[in-house]
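Novice: In this note's numbering, the protein residues as written are 3 to 130. Before I ask anything, here is the structure I am working with.
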């Protein structure tokens, strides 16, 4: 079983790291550094092939997780999009079950949905 951990984000300093932890071995299997972003949330797509990361600056990074056939080898991360979605802090994000959209919520009281293929905000819900 693998788990995702955020470390060294806004509480611990300027550098943001995303660590993939293999629970059966109690060890970090890989770490992805995002030195310019203070991370606030991370979510995998329902099929595990996508990774979305939000930051305190309102940015969202979307990446692809390349799994290997051998579970002992480390997965590879490749970021494919960077988008500023929120005017303020992005507190949370999650994928639509089909993997085509991502929703983010922030301190500005707005929930935004983002279409990955179109690279644009589809809808904005106020007061949530």
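Beta carbons are placed, not taken as given, at the ideal position from N, Cα and C, and that holds for glycine.
Just to confirm my understanding: we take residue 12, look at its own chain, exclude 5 residues before and 5 after, and list those with CB closer than 6 Å. What are they?
Specialist: To locate residue 12, count along the chain shown from 1; it is residue 10. Residue placement at residue 12 cannot be trusted, given a pLDDT of 34 that sits under 50; what the coordinates show is reported in the next sentence. 40, 58.
Novice: Around the C-beta of residue 1, are 16 or more other C-beta atoms found within 10 angstroms, so that it is buried, or is it exposed?
Specialist: Residue numbering for the chain in the displayed model covers 3 to 130; residue 1 lies beyond these limits and cannot be assessed.
Novice: Residue 122 and residue 102 look like a contact to me (Cβ under 8 Å); what is the Cβ gap, rounded to whole Å?
Specialist: Position 120 of the chain shown holds residue 122. Position 100 of the chain shown holds residue 102. That belief does not hold up - the Cβ atoms of residue 122 and residue 102 are roughly 13 Å apart, past 8 Å.
Novice: Tell me where the beta strand (DSSP E) around residue 122 begins and ends.
Specialist: Locating residue 122 in the chain shown gives position 120, counting from the first residue. Per DSSP, residue 122 belongs to the beta strand (DSSP E) from 122-128.
Novice: Of the choices 109, 60, 104, 108, whose alpha-carbon is the least far from that of residue 124?
Specialist: By one-based count along the chain shown, residue 124 stands at place 122. It is 104 whose Cα lies nearest to the Cα of residue 124.
Novice: In angstroms, rounded to a whole number, what distance separates the CA positions of residue 46 and residue 93?
Specialist: Here residue 46 corresponds to residue number 44 of the chain shown, with the count starting at 1. Here residue 93 corresponds to residue number 91 of the chain shown, with the count starting at 1. Answer to the nearest angstrom: the Cα atoms are 16 Å apart.
Novice: Residue 60 and residue 88 look like a contact to me (Cβ under 8 Å); what is the Cβ gap, rounded to whole Å?
Specialist: In the chain shown, residue 60 corresponds to position 58, counting from 1. In the chain shown, residue 88 corresponds to position 86, counting from 1. That pair is a contact at about 4 Å.
Novice: For residue 115, which residues in the same chain have their Cβ closer than 6 Å to its Cβ, ignoring the five residues on either side in sequence?
Specialist: Residue numbering aside, residue 115 sits at position 113 when the chain shown is read from its first letter. Hits under 6 Å: 103, 105, 124, 125.
Novice: Around the C-beta of residue 54, are 16 or more other C-beta atoms found within 10 angstroms, so that it is buried, or is it exposed?
Specialist: Here residue 54 is taken as the residue at index 52 of the chain shown, counted from 1. Classification of residue 54: buried, given that the 10 Å Cβ count is 16 or more.
Novice: Measuring CA to CA, which of 68, 43, 42 is closest to residue 49?
Specialist: By one-based count along the chain shown, residue 49 stands at place 47. When only C-alpha atoms are compared, the closest one is 68.
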